[in-house]
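Protein chains: 4
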Amino acid sequence: MSRAPHTRPLRVYYEDTDAGGVVYHAGYLRFMERGRTEWLRTLGFEQRRLAQEQGLLFTLRRMEIDFMMPARLDAELVVATRVQRLRPASIEFEQLVQDPQGNDLCRAIVLCACVEATRFRPTGIPQSIAEAISGGN
Amino acid sequence: MSRAPHTRPLRVYYEDTDAGGVVYHAGYLRFMERGRTEWLRTLGFEQRRLAQEQGLLFTLRRMEIDFMMPARLDAELVVATRVQRLRPASIEFEQLVQDPQGNDLCRAIVLCACVEATRFRPTGIPQSIAEAISGGN
Amino acid sequence: MSRAPHTRPLRVYYEDTDAGGVVYHAGYLRFMERGRTEWLRTLGFEQRRLAQEQGLLFTLRRMEIDFMMPARLDAELVVATRVQRLRPASIEFEQLVQDPQGNDLCRAIVLCACVEATRFRPTGIPQSIAEAISGGN
Amino acid sequence: MSRAPHTRPLRVYYEDTDAGGVVYHAGYLRFMERGRTEWLRTLGFEQRRLAQEQGLLFTLRRMEIDFMMPARLDAELVVATRVQRLRPASIEFEQLVQDPQGNDLCRAIVLCACVEATRFRPTGIPQSIAEAISGGN
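Chains as they are written, first to last, in this note's numbering: chain A, 5 to 141; chain B, 5 to 141; chain C, 5 to 141; chain D, 5 to 141.
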């Protein structure tokens, strides 16, 4: 679990900002979800297919998030995603949103649980995904 | 179809604004959807139950929208919703977002179609809804 | 600081949900911000006037958030907001999103800092606000 | 004004979808704004610098939008942006959101006006931008 984090670039648009002139705080959660989704895709898995074919969703259980510096319109940012801990039915991530100079704007510890798509009851992470994570991170 | 429009008050929060200091344009579509949903609720129908019990969704087909004046943080607005035309499988609304002085900030003609919830194919509006609209508007 | 929490009702619309069929996780941050804004308004303060007249913003510094149960379309929820700790330049809140049966769907500890509106540098909470909080909570 | 449209790829994430299982209608407006912003950037202009250095914003005045087919989670889409008409103080765009097979999911005619950033009063499009549009489109 010590590989380089997965990174995904993104751009700040008007939709992401608020009247304070900077990125609206909930926007960072959207950015981080894009990061986790693309990380999962690099392992060969798509959330829609997981839901349809295996009846599984990854759902957020807990998040600790520090907002350190504001980001402004047109900024080019990067979301860095790293698996910090893999458990039988959940994954703990560390995620950073950084500016092009490498400053941390936002940092979060994110706990995602694997649940049944219909009833949201916890279930084990499929072995194929667990192996891809262990091998790929 | 000449009754007074249904009105729903709303408040502008940071989440609705952008770095221009005013309501982000796509926010008005969210406001108008709240208005249509509450209008439908006053007729006795809820979208989640329609989807679950009758397998129906109302989906947007077309919108003509004029953005006339900006709205700012903390503003108290009203969404006015009026059925302009009821067809067998669609409803045409006129919707206005107004400030407390009655100024029109945004005006739209909105065409919603009734579709099957799974395949999004057009289907007739249930008679119970059509009657409630005809009687109630 | 032991008074009953401020509560604000809200309704779940399509805009708040995602393809999992439940409220999108970042939506709870929007709900909680509505709660803090209305809490502040009951004390007699509006964020837009604070920014314009005193050059101040309240900005999120840190959030610990637990997502406990999903909420679905059309649900009627309540955001409960309580000041947990008042510091010279920041406020710590406890916030809950609950369903009509009083179940906790989401719980957060939220740290908001008072900053200059232009440069986002920390600054003291104005005495008028601090007094209103101490008296009112 | 007959050049090939500017195109920008995008991916559908959970944040873009709603409980109907497809992209939430207002999401297309966000997608189209990303398209116009990137189109402007290819001409050498950034909205934040326009606001700061010239006191100008481009603001939406009118939109006619047809929602033709739904898009689902994980879909790879393209936003195509083409200037249809350049006027002294406004630009009319035609924008399409398409799937990888080239199907039109959503089509809009979008009228953007150039306004003063503080008071939102109409003002002429700077000559440098008008020339870049005429030359570049």
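Just so you know, even glycine gets a beta-carbon here, dropped at the ideal spot from N, CA and C.
{"Asked": "9 Å Cβ cut-off: residues of chain A touching residue 19 of chain B", "Found": "22, 28, 30"}
{"Asked": "Interface residues of chain D facing residue 95 of chain B [CB-CB closer than 7 Å]", "Found": "Going along chain D, no residue has its Cβ under 7 Å from residue 95 of chain B, so there is no contact; the nearest lies around 15 Å."}
{"Asked": "Length-filtered (3 minimum) beta strand (DSSP E) runs lying within the stretch 70–96 of chain B", "Found": "80–90"}
{"Asked": "Euclidean distance between Cα positions of residue 35 of chain A and residue 63 of chain C", "Found": "19 Å"}
{"Asked": "From D:101, D:16, D:109, D:48, residue whose alpha carbon lies closest to that of residue 2 of chain D", "Found": "Because chain D here runs from 5 to 141, residue 2 of chain D falls outside it and cannot be looked at."}
{"Asked": "Interface partners of residue 74 of chain B on chain D, CB under 8 Å", "Found": "63, 124"}
{"Asked": "For residue 21 of chain B, the three-state DSSP class (helix, strand or coil)", "Found": "strand"}
{"Asked": "Residue from B:82, B:138, B:131, B:96 whose Cα sits closest to the Cα of residue 58 of chain B", "Found": "B:131"}
{"Asked": "For residue 57 of chain D, three-class secondary structure by DSSP", "Found": "helix"}
{"Asked": "Segment limits, beta strand (DSSP E) that includes residue 11 of chain A", "Found": "10–15"}
{"Asked": "Endpoints, the alpha helix (DSSP H) within which residue 38 of chain C is located", "Found": "29–46"}
{"Asked": "Contact list for the stretch 37–55 of chain B against chain C, Cβ threshold 7 Å", "Found": "37, 38, 41, 50, 51, 52"}
{"Asked": "Beta-bridge pairing of residue 108 of chain B - partner residues as DSSP gives them", "Found": "B:102"}
{"Asked": "Span separating the alpha-carbon of residue 80 of chain B from that of residue 51 of chain D", "Found": "28 Å"}
{"Asked": "Listed by chain order, chain D residues near residue 12 of chain A by CB distance under 8 Å", "Found": "Correct list: empty, because the minimum Cβ distance to chain D is about 10 Å."}
{"Asked": "Per-residue burial, residue 99 of chain C [other beta carbons within 10 Å of its own, 16 or more giving buried]", "Found": "buried"}
{"Asked": "Interface residues of chain B facing residue 81 of chain C [CB-CB closer than 7 Å]", "Found": "The contacting residues do not exist; residue 81 of chain C stays about 14 Å from chain B at best."}
{"Asked": "Among C:22, C:31, C:32, C:26, the one whose alpha carbon lies nearest that of residue 29 of chain D", "Found": "C:22"}
{"Asked": "Proximity to residue 43 of chain C [Cα-Cα], best of C:55, C:113, C:87, C:71", "Found": "C:87"}
{"Asked": "Other residues of its chain near residue 4 of chain B: CB distance less than 7 Å, five sequence neighbours each side excluded", "Found": "There is simply no residue 4 of chain B to check, as chain B begins at 5 and stops at 141 in what is shown."}
{"Asked": "Three-state secondary structure (DSSP) of residue 5 of chain B", "Found": "Because residue 5 of chain B sits at a pLDDT of 44, beneath the cut-off of 50, its placement in the model cannot be relied upon, and the following sentence gives the value as read from the coordinates. In the structure shown, residue 5 of chain B sits in coil (DSSP, three-state: anything other than H, G, I, E or B)."}
{"Asked": "Contacts around residue 70 of chain A, its chain only, beta-carbon distance under 8 Å, and the 5 residues preceding and following it disregarded", "Found": "110, 111, 112"}
{"Asked": "Burial state of residue 37 of chain C (16 or more Cβ within 10 Å)", "Found": "buried"}
{"Asked": "C-beta neighbour in chain A for residue 77 of chain B, strict 9 Å", "Found": "yes"}
{"Asked": "Minimum Cβ-Cβ distance from residue 25 of chain B to chain A less than 9 Å", "Found": "yes"}
{"Asked": "Alpha-carbon spacing of residue 97 of chain C relative to residue 101 of chain D, whole angstroms", "Found": "42 Å"}
{"Asked": "Chain A within 9 Å of residue 84 of chain C, Cβ atoms only", "Found": "no"}
{"Asked": "CB contact check: residue 34 of chain B to chain C, cutoff 9 Å", "Found": "yes"}
{"Asked": "Below-9 Å beta-carbon distance, residue 57 of chain B vs any chain D residue", "Found": "no"}
{"Asked": "Expected contact under 8 Å - CB spacing of residue 13 of chain A and residue 114 of chain A to nearest Å", "Found": "At roughly 19 Å, the Cβ-Cβ gap does not stay under 8 Å, so residue 13 of chain A and residue 114 of chain A are not in contact."}
{"Asked": "Member of A:120, A:40, A:24, A:16 whose CA lies at the smallest distance from the CA of residue 78 of chain B", "Found": "A:24"}
{"Asked": "Local Cβ density within 10 Å of residue 5 of chain A, reported as buried at 16 or more and exposed below that", "Found": "The predicted position of residue 5 of chain A is uncertain, since its pLDDT is 44 and thus under 50; no value can be drawn from it."}
{"Asked": "Helix, strand or coil at residue 113 of chain C [DSSP, three-state]", "Found": "strand"}
{"Asked": "Chain C residues whose Cβ lies nearer than 8 Å to that of residue 70 of chain A", "Found": "65, 66"}
{"Asked": "6 Å Cβ shell around residue 90 of chain D - same chain, five flanking residues per side excluded", "Found": "137"}
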